[in-house]
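Protein sequence lines, in the order shown, are assigned to chains A and B.
Everything in the first sequence is counted per the UniProt record's numbering, starting at 1 for the first residue and increasing by one.
Everything in the second sequence is counted per the UniProt record's numbering, starting at 1 for the first residue and increasing by one.
Beta carbons: idealized from backbone N, C-alpha and C, even for Gly.
Working notes, beginning with the structure itself.
2 protein chains.
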Amino acid sequence: MTTRRPTIRDVARSAGVSVTTVSHTFTGNGTVAPATQQRVRTAAQDLGYRPDVIAQGLRRNRLGVIALVARQLDTLHPELLYDVDYFARFAGAAAVASLAEGLGLMLVSDPTGPRAAGAALASDGFIVTEPVTDDPLVAMLTSAGIPFVTVGETPGAPLAPGSPPHVDIESGRLTTLALDHLWESGARRIALVTGTDRNEWNLRSAAVYRRWARYRRITPSMVHVPEHLDDEGGRRAAATLLASGPAPDGIYALTSNHALGAVEVLTDQGLRVPDDVRIVAGSDAESLRAAHPPISSIDLQPDELARRAVELLAARLDGRPVPDHAQHRVGRLVVRASSAPPAPQP
Amino acid sequence: MTTRRPTIRDVARSAGVSVTTVSHTFTGNGTVAPATQQRVRTAAQDLGYRPDVIAQGLRRNRLGVIALVARQLDTLHPELLYDVDYFARFAGAAAVASLAEGLGLMLVSDPTGPRAAGAALASDGFIVTEPVTDDPLVAMLTSAGIPFVTVGETPGAPLAPGSPPHVDIESGRLTTLALDHLWESGARRIALVTGTDRNEWNLRSAAVYRRWARYRRITPSMVHVPEHLDDEGGRRAAATLLASGPAPDGIYALTSNHALGAVEVLTDQGLRVPDDVRIVAGSDAESLRAAHPPISSIDLQPDELARRAVELLAARLDGRPVPDHAQHRVGRLVVRASSAPPAPQP
DNA sequence: ATGAAAGCGCTAACAC
DNA sequence: GTGTTAGCGCTTTCAT
Chain A
1 MTTRRPTIRD
11 VARSAGVSVT
21 TVSHTFTGNG
31 TVAPATQQRV
41 RTAAQDLGYR
51 PDVIAQGLRR
61 NRLGVIALVA
71 RQLDTLHPEL
81 LYDVDYFARF
91 AGAAAVASLA
101 EGLGLMLVSD
111 PTGPRAAGAA
121 LASDGFIVTE
131 PVTDDPLVAM
141 LTSAGIPFVT
151 VGETPGAPLA
161 PGSPPHVDIE
171 SGRLTTLALD
181 HLWESGARRI
191 ALVTGTDRNE
201 WNLRSAAVYR
211 RWARYRRITP
221 SMVHVPEHLD
231 DEGGRRAAAT
241 LLASGPAPDG
251 IYALTSNHAL
261 GAVEVLTDQG
271 LRVPDDVRIV
281 AGSDAESLRA
291 AHPPISSIDL
301 QPDELARRAV
311 ELLAARLDGR
321 PVPDHAQHRV
331 GRLVVRASSA
341 PPAPQP
Chain B
1 MTTRRPTIRD
11 VARSAGVSVT
21 TVSHTFTGNG
31 TVAPATQQRV
41 RTAAQDLGYR
51 PDVIAQGLRR
61 NRLGVIALVA
71 RQLDTLHPEL
81 LYDVDYFARF
91 AGAAAVASLA
101 EGLGLMLVSD
111 PTGPRAAGAA
121 LASDGFIVTE
131 PVTDDPLVAM
141 LTSAGIPFVT
151 VGETPGAPLA
161 PGSPPHVDIE
171 SGRLTTLALD
181 HLWESGARRI
191 ALVTGTDRNE
201 WNLRSAAVYR
211 RWARYRRITP
221 SMVHVPEHLD
231 DEGGRRAAAT
241 LLASGPAPDG
251 IYALTSNHAL
261 GAVEVLTDQG
271 LRVPDDVRIV
281 AGSDAESLRA
291 AHPPISSIDL
301 QPDELARRAV
311 ELLAARLDGR
321 PVPDHAQHRV
331 GRLVVRASSA
341 PPAPQP
């Protein structure tokens, strides 16, 4: 504490070599005789020397840290944090993937905001999850020339060559998957409940749903509820659906907590799930698995999305060719009791 | 992109002042005439100048980033991530609190490991959640003189003056709270299910439970299952409890997923919750709320713990007096159906 | 194979 | 109130 930490100079002196040599033995640049290397290593060890990452960062103009902008953190009210499972799995997997790339993962809220922590800008690149229409952050990063990738497309962004690189969340395919599944499990009056954030997931799902409804020749019925309302939002959505027109016999709710809240109301109203109403959530969560009945969902596989995002960003940072993830689809349908066709009575 | 970003020098030249003046106008040090400040600000604006955080960091020997070591990330298998709710809420709240202190929050795995990302060490300080007995990370940080705070005490650490500063998780009080609640709801053969990590939560709960059992004159019955086994761990624990001696009529399971798994097995065995067995989980989660029946729990209030940890660390970093959190207790019992006394029949 | 020296962008004495 | 200048700890030509 009292004695300052050793620098490259101390090691050089102690090993009787120049700082260049020390630098080289650690970075692997240049050439250093094995014997010398050994001496340097020993000296460093003895002194407890660790290269100063900040100094390296200044020199290399690269800190080894990437930032994750979680829109769920944009608010000052962490109690509003929604989609906890998705966030946790994404952040966790992103951190692990980053470490595998030798990078640190910083959690930041929107750095375009007035309260932007300076540190946020120290990162080498950004991962932006679920950017929204004409996202100001995307605009800022683009104009500042800061490398970034998004998870999900940026709605409204020009699809020109300059379109920001992103990890495909396959919202179109997954929406169809969920809707077809509801159809096949017998539903014919299928409603959609979306969140209100203007991100790809909400917007594309709605668009696909409209097309799908036309194709199936059913009357579309949609409700939009803010994500952060959680169960309460789901309850309201269900109430709205029940109040307006014939009760749906299938619901696709994009947010897990909305699905949960909806089931509550339906059950309270004496409707049986899945016999009277089938339901599928558009995002998986523990609570869906534990619910009664367990609720089917689209597992977006945030772990995989995070891994891809980190890989993609890391590749861009290194100027490496970007990995092609298009081979393997991501996201899958998890069928649980809430949408399972009634088991044949033995 | 092609043109390098402007430095303090460029701004100085463009504003017709010295670099010192520019530095001062931005840091607030020294004194700069308002008029000059204005000129500098304008010039900076025009050039799109942002102080380089890394250079500042090098100079000040402080980056403005703190690291959160989440033990759940120590593994390379993010799918093993357990206690997702706790992690997400903690990380989210920590990130928000950090931002409020003008700090960034970095997620890192154990930096003592061989694969330590260099960047991890760039942080100004560390938050270590749930350190384990004789934690090597705690030892490393201590000997390296790196500021840190832990959430929960470090078991086995000397309680000497040098004992690492920590946020009190009140494990003793909360364990008693849970056990007394089970007792009051009618349970008399109360078993404890803990995880196997050697952290304060597991160790102190076990110790308190033993004392409490003696005091209540009941025969202690404990099972330890690894946290990452999740539901399966809970199932095993319940099976073990049922196989050995008289079936418990009350279970306190420290991990939420263990509680969930246990309820599954109990129900399968024809036992009714809470009528035959009352159950309380030692960590809250969405899935407990959505479970059937909803499961009571100790809400550790990770949001609050995170906030306190960040505040404590930030204060230490600035040499400010550390906030005294002892005033307000943290953690509370959330009573749900799994341990509610049967409602009086109308 | 090794070393001297010039910075990376910024801050903080210390002059004026 | 403003400017000069010496570094922070490291990497990297370019000599030797």
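Using the three-state DSSP reduction, which class does residue i fall into: helix, strand or coil?
i               : result
A187 of chain B : coil
R198 of chain B : coil
G125 of chain A : strand
H325 of chain A : coil
V208 of chain B : helix
V263 of chain A : helix
T176 of chain B : helix
V17 of chain A  : coil
T42 of chain B  : helix
T150 of chain A : strand
V167 of chain B : strand
V273 of chain B : coil
V32 of chain B  : coil
L63 of chain A  : coil
D83 of chain A  : coil
Bridge partners of residue i, per DSSP?
i               : result
D299 of chain B : B:R332
V280 of chain A : A:Y252 and A:S296
A70 of chain B  : Looking at the DSSP assignment, A70 of chain B forms no beta bridge with any residue, so it has no partner.
L312 of chain A : Paired residue(s): none; L312 of chain A is not in a bridge.
L107 of chain B : A:L105 and B:L68
V53 of chain B  : For V53 of chain B, which the question treats as bridged, DSSP gives no partner whatsoever.
H224 of chain B : B:T194
V132 of chain B : B:N199
Rounded to whole angstroms, what is the Cα-Cα separation between residue i and residue j?
i                      : j               : result
F126 of chain B        : V322 of chain B : 16 Å
D299 of chain B        : W212 of chain A : 43 Å
residue 379 of chain A : T20 of chain A  : For residue 379 of chain A there is no data in the structure shown, the boundaries of chain A being 1 and 346.
L76 of chain A         : A88 of chain B  : Confidence at L76 of chain A is low in this model, with a pLDDT of 48, below 50, so its placement is unreliable and the value that follows should be read with caution. Answer to the nearest angstrom: the Cα atoms are 15 Å apart.
R188 of chain B        : L241 of chain B : 15 Å
S14 of chain A         : L333 of chain B : 59 Å
D134 of chain A        : D168 of chain A : 18 Å
M1 of chain B          : G234 of chain A : Unreliable placement is indicated for M1 of chain B, whose pLDDT of 48 sits below 50; no coordinate value is reported for it.
A160 of chain A        : S339 of chain A : Any reading at A160 of chain A must be qualified, since the residue scores a pLDDT of 49, below 50, and its modelled position is unreliable; the value itself is stated next. Each residue's alpha carbon lies about 40 Å from the other.
N202 of chain A        : I190 of chain A : 17 Å
A70 of chain B         : P34 of chain B  : 46 Å
L294 of chain B        : E286 of chain B : Correcting the residue identity first, residue 294 of chain B is Pro in this sequence and not Leu. Cα-Cα distance, rounded: 10 Å.
L99 of chain A         : L266 of chain A : 45 Å
H258 of chain A        : S283 of chain A : 10 Å
L141 of chain A        : R336 of chain A : 41 Å
N199 of chain A        : T112 of chain B : 39 Å
P341 of chain B        : W183 of chain B : 11 Å
R210 of chain A        : E101 of chain A : 41 Å
A309 of chain B        : D85 of chain B  : 18 Å
I218 of chain B        : Y252 of chain B : 14 Å
L317 of chain B        : T25 of chain B  : 24 Å
L229 of chain B        : S185 of chain B : 29 Å
G261 of chain B        : E232 of chain B : 6 Å
Q269 of chain B        : V225 of chain B : 20 Å
G16 of chain A         : R62 of chain A  : 30 Å
S244 of chain A        : V223 of chain A : 11 Å
A91 of chain A         : G172 of chain B : 31 Å
Assuming residue i contacts residue j (C-beta within less than 8 Å), just tell me the rounded distance between them.
i               : j               : result
D83 of chain A  : T255 of chain A : 7 Å
R329 of chain B : E170 of chain B : 6 Å
T175 of chain A : S205 of chain A : 5 Å
V280 of chain A : A237 of chain A : Rounded, the Cβ-Cβ distance is 14 Å, inconsistent with contact.
L58 of chain B  : A55 of chain A  : 5 Å
A306 of chain A : A93 of chain A  : 4 Å
V11 of chain A  : A44 of chain A  : 5 Å
L105 of chain A : L137 of chain A : Between L137 of chain A and L105 of chain A the Cβ distance is about 17 Å, and since that is not below 8 Å, they are no contact.
Is the beta carbon of residue i within less than 7 Å of some heavy atom of the ligand FMN?
i               : result
A139 of chain B : With respect to the ligand FMN, the structure offers nothing, as it holds no ligand at all.
Touching by the beta-carbon criterion (3+ pairs, under 8 Å), the stretch 45 to 55 of chain B and the stretch 5 to 13 of chain B
These segments touch.
Is it the case that the stretch 291 to 307 of chain A contacts the stretch 137 to 146 of chain A, given that we only count it when at least three CB pairs across the two stretches are under 8 Å?
Not touching, per the Cβ criterion.
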